[in-house]
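Adding 2 to a residue's 1-based position in the sequence shown gives its number in the numbering used here.
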Amino acid sequence: MRDDNCIFCKIINGAIPSNTIYEDDTFQVILDVNPASKGHALILPKEHYANLYEIDEEVAAQAMKLAKKLAAHMTKVLNCDGFNILQNNGEVAGQTVFHFHIHLVPRYKDGKNNDILKWTHEEFTAEELAAICQELSLA
Ligand code: 5GP
Ligand code: ZN
Numbered sequence: 003m004r005d006d007n008c009i010f011c012k013i014i015n016g017a018i019p020s021n022t023i024y025e026d027d028t029f030q031v032i033l034d035v036n037p038a039s040k041g042h043a044l045i046l047p048k049e050h051y052a053n054l055y056e057i058d059e060e061v062a063a064q065a066m067k068l069a070k071k072l073a074a075h076m077t078k079v080l081n082c083d084g085f086n087i088l089q090n091n092g093e094v095a096g097q098t099v100f101h102f103h104i105h106l107v108p109r110y111k112d113g114k115n116n117d118i119l120k121w122t123h124e125e126f127t128a129e130e131l132a133a134i135c136q137e138l139s140l141a
């Protein structure tokens, strides 16, 4: 399934050009047009799923396997010093393109954006943490 209004679907069907570093029947991996670092790439499933809640479980599992493979390959080629994988769901979480994607972000010791993932802590009491834990428990 494709979404005619989706920019990543347009890339996948060839209507919008991209720098593609990998492609198979299920995925296309492209360089991000506004990269956070040299080599910043995006894993796109060829089917349109808006986010993690909607993606087929098997495709999600395959996407993570591909992320591992590409992280190893990119680290070797780029000689980067670390690596982030990121996946945003919903506007408040930073998602701007509503077609599931995994960011592959090579990190470098002297990189320009080395603060991107630093956040301040929220404080919770021990009682609040226990209540959150109970609320979230799947056991
Ligand atoms: P999000 O914020 O949704 O997690 O990430 C969307 C990413 O897609 C952004 O990093 C943005 O730079 C990238 N992006 C948006 N439009 C295009 C495009 O047309 N081509 C490519 N290659 N990347 C895009
Ligand atoms: Zn799409």
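Ideal Cβ positions, reconstructed from N, Cα and C, are used throughout, including at glycine. All values reported here derive from a predicted model rather than from experimental measurement.
Tell me where the alpha helix (DSSP H) around residue i begins and ends.
i	result
alanine 133	128 to 138
cysteine 195	The chain is shown only over 3 to 141; residue 195 falls outside these bounds and no answer can be derived.
Along the beta strand (DSSP E) that carries residue i, what are the first and last residues, could you check?
i	result
histidine 142	Beyond the ends of the chain as shown, which are 3 and 141, falls residue 142; an answer cannot be given.
isoleucine 23	22 to 25
Rounded to whole angstroms, what's the CA-CA distance from residue i to residue j? Just pull it up for me.
i	j	result
glutamate 93	proline 19	25 Å
phenylalanine 100	alanine 52	5 Å
arginine 109	isoleucine 118	11 Å
cysteine 11	lysine 111	34 Å
glutamate 56	leucine 80	33 Å
Opposite residue i in the DSSP bridges: which residues?
i	result
isoleucine 32	Thr22, Leu44
isoleucine 87	Leu106
According to DSSP, is residue i helix, strand or coil?
i	result
isoleucine 118	coil
valine 99	coil
What are the uninterrupted segments assigned as beta strand (DSSP E) that are 3 or more residues long and contained completely in the stretch 52 to 85, given in chain order?
-> none
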